[in-house]
Amino acid sequence: MSKEGNKGIFDKEYSRRQFLKISGKGLAGVTLTAAMLSLFGCTQKEVDEGLVATTPLPTGLLVANRAKCVGCQRCETNCSLANDGKAMPYIGRLKMRDNLNVGEEGVAEDYRHGDGIYGVWNFGPTTCKQCKDPKCVAACPVEAIFADPATGARTIDKEKCVGCGTCTNMCPWHMPVVDPETKKSTKCITCGACVAGCPTGALSIVDWKDIAVAM
């Protein structure tokens, strides 16, 4: 991605028209005060009418304690059972297999030198970071990813999703995954199914104010 693409909204010049088209793709977690809105020539009325959309921070984050994780992968299965009604670890909203896989061909003769997809070789699921500036939201061509009004979790509208996989490619951790059967993308909504089913208590959903302690 270009340096321009990594810049935040306040690092670039936006016209009022451009700002009104943003639709929640660069203001995640920002409280829009009257003074801030005035910088862009916007009013609270325009925010209330939906002309200026924002993406609030989620109320909590799924956190993994790697010291407790034993790599059983039940979290992936429990996730798909709870959210999709089928045991399909591949579409689990948290990823254990990516940290254990040493390549597309599986375990090779020199497996000791394998690093896994994300450069690690250990137990512990990769979890959705519920990003402040979610690249999956910004990249979705049909605006199918939104912040749940109740939890703030970045959620996929299955009616809008076209299964293009852009969200997967844009996420630094490849957390969204397109279900090969339904052709719809899936991602973590902090439902807690994985937490409830973890036999060692390695997973928890933590309030943002307690994240630093939990990590």
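So that you can map any letter, position 1 of the sequence shown is 1 in full-length UniProt numbering, and since no number is skipped, the others follow by simple counting.
Just so you know, even glycine gets a beta-carbon here, dropped at the ideal spot from N, CA and C.
In the structure shown, A64 adopts extended strand secondary structure according to DSSP, grouped into three states. When rounded, the separation of the alpha-carbon atoms in N65 and C79 is 17 Å. Pairwise C-beta distances place the stretch 150-170 out of contact with the stretch 91-100, as fewer than three of them are shorter than 8 Å.
Where A144 is concerned, there is no enclosing alpha helix (DSSP H), because DSSP gives it neither an H nor an E.
Contact between the stretch 192-202 and the stretch 70-84 is present: three or more C-beta pairs spanning the two stretches fall below 8 Å. Of the candidates A138, C128 and A196, C128 places its Cα closest to the Cα of T186. For K183 and Y90, the gap between their C-alpha atoms comes out near 13 Å.
When secondary structure is reduced to three states using DSSP, T182 falls in the coil class, being assigned neither helix nor strand. Secondary structure note for D207: it is in no alpha helix (DSSP H), and the uninterrupted beta strand (DSSP E) holding it is L203 to D207. Here V142 is exposed, its C-beta having fewer than 16 other C-beta atoms within 10 Å. Per DSSP, T127 has no beta-bridge partner at all. Taken through DSSP and simplified to helix, strand or coil, V177 comes out as strand. Distance between G152 and I205, taken at the CA atoms: about 13 Å. Assignment of beta-bridge partners to R93 by DSSP yields no partner.
Assignment of beta-bridge partners to I156 by DSSP yields I145. Excluding sequence positions up to five before and after T155, its CB lies within less than 8 Å of the CB of I145, F146, A147, D148, K187 and I189, all in the same chain and listed in chain order.
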